[in-house]
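Novice: Numbering (our numbering), first residue to last: 1449 to 1545. Glycine is no exception: its CB is placed at the ideal position from the N, C-alpha and C atoms. My structure is below; once you've seen it, I'll send some questions.
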């Protein structure tokens, strides 16, 4: 009979000092490890369909806004690219003189 093996994937999580202190205080107060507290928080996040839908809606909205901004600045990007190309050409030309 085979035993079920529980596997874990390890990843790094970077938080600011305030969150690190809050996490440490919480774990000490409740008596759980930081790994357990982080797992609870992540599971809570993924188990909340309203939160997930809210985030998805936000990403869609920001995607549309980003497309609009990109479109609005496309001409200035093209203009900047022309100026950079001219600058590079002049720099190389002056280098070999």
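Would residue 1485 and residue 1474 qualify as a contact pair, given that the criterion is a beta-carbon distance under 8 Å?
Specialist: For residue 1485 and residue 1474, yes; Cβs fall inside 8 Å.
Novice: Residue 1519 to residue 1536, Cα distance in whole Å?
Specialist: When rounded, the distance between both Cα atoms is 26 Å.
Novice: Helix, strand or coil, according to DSSP, for residue 1506 in the structure here?
Specialist: The answer is helix: DSSP assigns residue 1506 an H, G or I state.
Novice: Please say whether residue 1471 and residue 1482 have beta carbons closer to each other than 8 Å?
Specialist: Yes, the Cβ-Cβ distance between residue 1482 and residue 1471 is below 8 Å.
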